[in-house]
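J.: One structure follows; several queries about it will come next.
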């Protein structure tokens with residue numbers, strides 16, 4: 001009953017309303033020149049410094065879903081769930097090389113989305129459209145999953161109802177508030193709120209990793225309890241250590257997830273909001289601190305085992321909701337007031353990434369679908385207005401996913417989203433370094449990688465949930481004819497096929513002397529920095545000029 005959690009609900013509500021008020025105030029933060037322009041509304045004026053970018057990008061990548069789902073995976077499967085820790089370490093040296101170039105060429109040409117860059121680099125509206133659609137499709141379930149974190153907290157506090165409307169009404173209200181201040185303040189809202197969100201999460205986790213081991217009998221007892229549970233589990237991949245059955249899946253999932261992380265439109269949006277290249281360099285050096293935090297968060301799964309946490313029932317009869325593991329751990333082990341703070345950290349942790357994701361998806365639609373195909377002469381104010389409206393539609397779609405779909409299906413969709421967004425790697429990431437790939441070959445590679453990826457995902461079943469198709473991203477190698485129980489991450493296989501097709505077809509098309517368009521960038525574009533002139537500066541820029549090469 002919710003009355004048993006009244007203190008937690010009050011603390012949660014106060015902190016939630018506080019950050020909501022900050023979201024509305026953010027519209028006047030840092031004196032925007034003209035909010036009726038995507039540079040201001042969608043990228044915060046491209047003016048964020050080191051600290052703001054650090055909190056913004058960190059808050060963007062380490063979400064409420066991470067807070068509840070990674071420990072839940074550790075709780076259920078053990079060591080395999082730690083894949084999230086190394087991949088967030090592996091990626092930063094890689095993107096250090098890529099994102100500085102993306103920022104520079106975007107600063108020089110006024111690009112707002114990765115599809116803007118692809119359109120200009122490869123002179124291909126079709127390829128840009130594919131990149132835009134891919135980004136939107138991959139982002140939608142990611143937004144929906146932020147609601148899973150909030151829902152787990154509300155369920156733990158007893159704020160639920162019998163009917164679907166009563167059960168989801170608090171989430172609908174929360175996202176209505178989010179939609180309102182995002183519409184008004186744009187990217188400035190999550191940037192300002194990220195300070196509060198990350199501070200709360202750091203406080204909660206640091207208290208937890210010192211206090212809970214002391215209360216639960218020490219780390220030795222915690223790991224012994226986890227080991228005992230997994231030894232009794234019939235699943236061949238479960239355990240506090242990896243084994244021969246899950247090592248390949250672990251490695252490929254970690255590396256594939258690393259490659260996908262900064263291809264997501266919301267990750268790129270946070271980077272493009274930086275004011276210069278040095279901000280990006282410093283952040284790529286400092287952001288691994290979040291990976292340390294993530295490692296500590298993951299250990300909450302083992303603590304929950306030692307504490308005897310039993311997940312709440314799931315939506316289906318006989319199922320359990322693993323996402324309630326962390327909220328229940330806090331509810332069981334901490335005073336009500338501190339549990340309320342922890343719940344607020346999870347709830348607010350959903351708002352920051354959800355806002356950035358909806359803005360990024362809206363910018364893709366506005367710049368690469370609406371502007372390109374529906375109204376080529378749209379003014380900057382019209383672009384900003386369309387993006388605002390689209391961000392509202394995206395949030396409504398995310399809420400609909402939670403209301404009308406099984407949340408577990410949403411989680412599977414997010415895993416599928418990683419496979420999908422990886423197919424933009426040749427055009428976006430490699431395109432920043434080379435123009436060797438033919439635009440037609442990149443389109444064919446995308447089709448091949450996406451087609452194979454969807455076929456492989458269709459073959460993935462989960463006997464535990466009864467799903468026969470699209471039940472995750474771990475593909476059984478036996479379906480390729482190998483006599484082994486091992487699995488491999490679908491995204492890695494699909495993107496390798498994508499690259500192979502793009503490379504081979506490039507050779508064929510170049511040998512046939514098929515026209516390849518005009519590269520709209522120059523070598524020095526990729527090293528431009530703050531103060532370097534742009535094609536046409538700021539709000540006065542006509543979007544079509546973003547496709548013209550620098551004189």
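Residue numbers (the numbering used here): 1 to 551. Ideal Cβ placement from N, Cα and C applies to all residues, glycine included.
For residue 474, name the three-state secondary structure that DSSP assigns.
T.: Along the chain shown, one-based indexing puts residue 474 at 474. In this structure, residue 474 counts as strand in the three-state DSSP scheme.
J.: Does DSSP classify residue 48 as helix, strand or coil?
T.: If you number the chain shown from 1, residue 48 lands on position 48. Strand.
J.: Say whether the stretch 384-394 touches the stretch 209-225, bearing in mind that this needs 3 or more beta-carbon pairs closer than 8 Å, one atom from each stretch.
T.: Counting Cβ pairs under 8 Å, fewer than three are found: no touch.
J.: Please report the distance separating the alpha-carbon of residue 188 from that of residue 56.
T.: As a working note, residue 188 is residue 188 in the chain shown. As a working note, residue 56 is residue 56 in the chain shown. Approximately 10 Å, taken between the alpha carbons.
J.: Let me make sure I understand the geometry here. Which of 89, 174, 107 has the alpha-carbon closest to that of residue 399?
T.: Residue numbering aside, residue 399 sits at position 399 when the chain shown is read from its first letter. Checked all of 89, 174, 107; the closest Cα to residue 399 is 174.
J.: Just verifying my parser: in three-state terms, what is the DSSP assignment at residue 320?
T.: Counted from its first residue, the chain shown places residue 320 at position 320. Three-state result, residue 320: strand.
J.: With respect to 7 Å, is the separation between the Cβ of residue 84 and the closest non-hydrogen atom of the ligand HEM below this value?
T.: As far as ligands go, the structure on display features none, and thus does not contain the ligand HEM.
J.: Which residue comes first and which comes last in the beta strand (DSSP E) that contains residue 489?
T.: Here residue 489 refers to the residue found at position 489 when the chain shown is read from its first residue. Unbroken beta strand (DSSP E) run through residue 489: 487-489.
J.: Leaving out five residues before and five after residue 355 in sequence, what residues of the same chain have Cβ atoms less than 7 Å from its Cβ?
T.: For this step, residue 355 is matched to residue 355 along the chain shown. Excluding sequence neighbours, residue 355 sits near 178, 182, 189, 190.
J.: Can you find at least 3 beta carbon pairs, one from the stretch 91-110 and one from the stretch 521-535, that sit closer than 8 Å?
T.: Touching, per the Cβ criterion.
J.: Helix, strand or coil for residue 272? Go by DSSP, reduced to three states.
T.: Residue mapping note: residue 272 aligns to position 272 of the chain shown, counting from 1. Looking at residue 272 - three-state DSSP - the assignment turns out to be helix.
J.: Under the three-state reduction of DSSP, which class applies to residue 467: helix, strand or coil?
T.: Position 467 of the chain shown, counted from the first residue, corresponds to residue 467. Note: residue 467 maps to strand in three-state DSSP.
J.: Leaving out five residues before and five after residue 30 in sequence, what residues of the same chain have Cβ atoms less than 6 Å from its Cβ?
T.: Residue numbering aside, residue 30 sits at position 30 when the chain shown is read from its first letter. Closer than 6 Å at Cβ, skipping near neighbours: no residue.
J.: Report the option in 341, 208, 80, 301 whose CA atom is closest to the CA atom of residue 323.
T.: Here residue 323 corresponds to residue number 323 of the chain shown, with the count starting at 1. With distances taken between Cα atoms, residue 323 lies closest to 301.
J.: Using 8 Å as the threshold, is the stretch 272-280 in touch with the stretch 367-384, meaning 3 or more CB pairs across them?
T.: No, they do not touch.
J.: Could you give the C-beta distance for residue 568 and residue 264, rounded to a whole number, given that I count them as a contact under 8 Å?
T.: Nothing about residue 568 can be reported from this structure: the residues present for the chain run from 1 to 551 only.
J.: Less than 7 Å between C-beta atoms, sequence neighbours within five positions excluded: which residues of the same chain meet that for residue 470?
T.: Locating residue 470 in the chain shown gives position 470, where the first residue counts as 1. Hits under 7 Å: 412, 416, 457, 458, 460.
J.: For residue 8 and residue 340, which I take to be in contact (beta-carbon distance under 8 Å), what is that distance rounded to the nearest angstrom?
T.: As a working note, residue 8 is residue 8 in the chain shown. As a working note, residue 340 is residue 340 in the chain shown. The pair is a contact, with the Cβ atoms about 4 Å apart (cut-off 8 Å).
J.: Is residue 226 near residue 78, with beta carbons less than 8 Å apart?
T.: Counted from its first residue, the chain shown places residue 226 at position 226. Counted from its first residue, the chain shown places residue 78 at position 78. The answer is yes: Cβ separation under 8 Å.
J.: Could you check whether the stretch 482-501 touches the stretch 440-448, counting it as contact only if at least three pairs of C-beta atoms, one from each stretch, sit closer than 8 Å?
T.: Flag = yes, the stretch 482-501 and the stretch 440-448 touch.
J.: How is residue 78 classed by DSSP in three states: helix, strand or coil?
T.: As a first step, residue 78 is located in the chain shown; it is residue number 78 there, counting from the start. If DSSP states are grouped into helix, strand and coil, residue 78 belongs with the strands.
J.: If you compare alpha carbons, which of 379, 404, 364, 497 is closest to residue 113?
T.: Mapped onto the chain shown, residue 113 falls at position 113. With distances taken between Cα atoms, residue 113 lies closest to 364.
J.: Given residue 547, which residues of its chain have a CB within under 7 Å of its CB, disregarding the five upstream and five downstream residues?
T.: Locating residue 547 in the chain shown gives position 547, counting from the first residue. Note that residue 547 scores a pLDDT of 40, beneath 50, so its modelled location is shaky; the value from the coordinates is reported in the next line. 119, 120, 520, listed in sequence order.
J.: If you reduce the DSSP assignment to three classes, tell me which class residue 283 lands in.
T.: Start at 1 with the first residue of the chain shown, and residue 283 comes out as number 283. Three-state result, residue 283: helix.
J.: Kindly identify the DSSP beta-bridge partner or partners of residue 312.
T.: Locating residue 312 in the chain shown gives position 312, counting from the first residue. Paired residues: 321.
J.: Taking three-plus beta-carbon pairs below 8 Å as touching, is the stretch 418-433 in contact with the stretch 507-514?
T.: The answer is no - the stretch 507-514 does not touch the stretch 418-433, with fewer than three Cβ pairs under 8 Å.
J.: What residues in its chain sit with their C-beta under 7 Å from that of residue 205, if we drop five residues either side in the sequence?
T.: Taking the chain shown and counting its residues from 1, one reaches residue 205 at position 205. Within the same chain, residue 205 has close Cβ partners 293, 296, 297.
J.: Can you tell me whether residue 541 is helix, strand or coil according to DSSP?
T.: Indexing the chain shown from 1 puts residue 541 at position 541. With a pLDDT of 40 at residue 541, under the threshold of 50, the predicted position of this residue should be treated as unreliable, though the coordinate-derived value follows. In the structure shown, residue 541 sits in coil (DSSP, three-state: anything other than H, G, I, E or B).
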